[in-house]
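J.: No gaps in the numbering here: position 349 of the sequence shown is 423 in the numbering used here, and each next residue is one more.
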Amino acid sequence: MKKETICIQSGWQPGNGEPRILPIYQSTTFKYETSEQMGRLFDLEESGYFYTRLQNPTNDFVAEKICRLEGGVAAMLTSSGQAANYYAIFNICEAGDHVVLSSTVYGGTFNLITVTMKKMGIECTVVDPDAPEEELEKAFKSNTRCVMAETIANPALVVLDIEKFARLAHSHQVPLIVDNTFATPINCNPFVWGADIVTHSTTKYMDGHAMAVGGAIVDSGNFDWSAYPDKYPGLCTPDESYHGVTYTEKFGKAAYITKATVQLMRDLGSIQAPQNAFLLNVGLETLPLRMERHCANALAVAQYLSEHPKVAWVNYPGLKGNKYYELAQKYMPNGTCGVISFGLKGGREAAASMMDKLKLAAIVTHVADARTCVLHPASHTHRQMTDEQLVEAGVAPDLIRFSVGLEHADDIIEDLRQALEG
Ligand SMILES: *Cc1c(COP(=O)(O)O)cnc(C)c1O
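1) Near residue 188, what residues of its chain come up, given a Cβ to Cβ distance below 8 Å and the 5 sequence neighbours on each side ignored?
2) Could you tell me whether any non-hydrogen atom of ligand 1 is closer than 7 Å to the CB of residue 173?
3) Which residues does DSSP pair with residue 387 in a beta bridge?
4) Closer than 7 Å: is that where the CB of residue 381 sits relative to any heavy atom of ligand 1?
5) Run the CB neighbour count on residue 312, radius 10 Å, all protein chains shown included, and call it buried at 16 or more, exposed below.
6) Please state the DSSP three-state secondary structure of residue 251.
7) Buried or exposed: which applies to residue 301, given that a residue is buried once 16 or more other Cβ atoms fall within 10 Å of its Cβ?
8) For ligand 1, any of its heavy atoms closer than 7 Å to the Cβ of residue 156?
9) With the cut-off set at 8 Å, would you say residue 146 and residue 336 are in Cβ contact?
10) Taking the beta carbon of residue 52 as the centre, do at least 16 other beta carbons fall within 10 Å, making it buried, or is it exposed?
11) From the DSSP output, in three-state form, read off residue 231 for me.
12) Quick check on residue 31: buried or exposed, where buried means 16 or more other Cβ atoms within 10 Å of its Cβ?
13) Does the distance from the C-beta atom of residue 170 to that of residue 195 stay below 8 Å?
14) Tell me, which residues are paired with residue 125 by DSSP?
15) Which residues in the same chain have their Cβ closer than 7 Å to the Cβ of residue 186, if we skip the five residues on either side of it in sequence?
16) At 3 residues or longer, what runs of the beta strand (DSSP E) sit wholly inside the stretch 386 to 464?
17) Helix, strand or coil for residue 345, going by three-state DSSP, please let me know.
18) Short check: CB of residue 247 to CB of residue 305, under 8 Å?
19) Within the present structure, is the beta-carbon of residue 488 separated from the nearest heavy atom of ligand 1 by less than 7 Å?
20) Determine the DSSP secondary structure at residue 205, reduced to helix, strand or coil.
21) Is there at least one non-hydrogen atom of ligand 1 closer than 7 Å to the beta-carbon of residue 287?
22) Could you tell me which of 439, 367, 445, 100 sits nearest to residue 452, measuring between CA atoms?
23) For ligand 1, I want to know if residue 224 counts as a neighbour, meaning its beta carbon is within less than 7 Å of at least one of the ligand's heavy atoms.
24) Along the chain, where does the alpha helix (DSSP H) containing residue 148 start, and where does it finish?
25) Keeping to the same chain, check which residues put their C-beta closer than 7 Å to that of residue 250; ignore five residues upstream and five downstream.
26) Please classify residue 172: does DSSP put it in a helix, a strand, or coil?
27) Is it the case that the Cβ atoms of residue 383 and residue 422 are separated by a distance below 8 Å?
28) Is any heavy atom of ligand 1 found at a distance shorter than 7 Å from the C-beta of residue 311?
29) If you draw a straight line from the alpha carbon of residue 216 to that of residue 79, how long is it in whole angstroms?
30) Measuring from the CB of residue 281, is there a heavy atom of ligand 1 at a distance below 7 Å?
31) State the start and end residues of the unbroken beta strand (DSSP E) segment that holds residue 222.
32) Once you ignore the five residues that flank residue 297 on each side, which residues in its own chain have a CB closer than 6 Å to its CB?
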């Protein structure tokens, strides 16, 4: 099936006389006839639902759809993109382990790994994703357990050379985890280029309407954990909390997602509400149509801005001449995303006053939904930083993050024109 068809037809498959639309299994718990059967479920001897903190059918049907869109073998939903990235790493790292992290990842991911996971004893080395391979090699240590990066970084819009990163990770016998939130599986499938695990903040384009916070993790099934039992004891040696189940032996290619579900979800509990999974599923149905329009609109806006005399610079990987144009053409030939960034010749002050004049584009802390929105990181998300600190963090003081929505491109451009010239 092509992706357009997967988005509509996969996941929930109604039987005769059953609801056509994915039902919301609004139930914390599931009923069984015998105590013995319930016992087998707890021992992972039998598969079945028993408590929504671990698994819920509505969530699983939606995860299955995302899994097929990415071309993976198993997937799970989480309560947020933050939870997805946390579980994706924590599933294979523990105190004493080490992560190689791209410097341009989303601020939330950066803090998660460099601040919170550090307190858990997991170290990390931050690398420049554009650095040559010889340079990146130096970041790996004997206790490195994974590499983490983003297909299109939020908000720097750096396009990842996925093949380069996969090659590096694999030459050090560790998996590459790619956060594919901005590109979505419609525009890029990181597994095709060697990534092993993909994560998403479904809050963004997948939901697409700014309705529900959510996340997802997808496993390609390609990384052979059992070849490195010393590195991945959590997957390759018995889990005493399940009477000695060894995930790689019992669940094969589903080992990684099964462990994240039955161990991390059980213990940490960041499950997505079934109601939110239902909304996510509605969003997924139109994802291909929306991505096409987001990209077309963003390109039109980026072209307009790049020719405007008051605009100092425009960053959009879909724009010819952009530093990442060639990489974007290779990894996402049908389009990148709807987010662009730009700066004004008047700098920081001009940015703030232009934004106040926008009528259609709203100032909100969000990106990647149907409504055009705008944010000035130096005044909002990063306002505690000095100009020097901002530059170090890869956020220019004049950077305006502009998330192009699904309105008509002419109206979005007219809004920018009146704000720039008014
Ligand atoms: C928003 C975002 C996240 C965090 O997701 P939440 O759903 O807000 O928790 C992670 N990665 C990227 C690339 C994002 O844009």
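Where is the CB? At the ideal position from N, CA and C, for every residue including glycine.
Just so it is clear, the structure is predicted and the values come from calculations on it, not from any experiment.
T.: Let's see:
1) 175, 198, 200
2) no
3) 417.
4) no
5) exposed
6) strand
7) Exposed is the call here.
8) yes
9) no
10) Since the first and last residues shown for the chain are 75 and 496, residue 52 lies out of range.
11) DSSP places residue 231 in coil when its eight states are reduced to three.
12) Within the shown structure, residues of the chain are numbered from 75 to 496, placing residue 31 beyond reach of any answer.
13) yes
14) Beta-bridge partners of residue 125 (DSSP): 103.
15) 156, 159, 160
16) 413 to 418, 447 to 449
17) coil
18) yes
19) It does not: the Cβ of residue 488 is nowhere closer than 7 Å to a heavy atom of ligand 1.
20) coil
21) yes
22) 439
23) yes
24) Unbroken run through residue 148 is the beta strand (DSSP E), 148 to 152; no alpha helix (DSSP H).
25) 221, 239, 240, 243, 268, 269, 270
26) strand
27) no
28) In terms of side-chain proximity, the C-beta atom of residue 311 is found no nearer than 7 Å to any non-hydrogen atom of ligand 1.
29) Going from the Cα of residue 216 to the Cα of residue 79 covers about 44 Å.
30) no
31) 218 to 224
32) 249, 270
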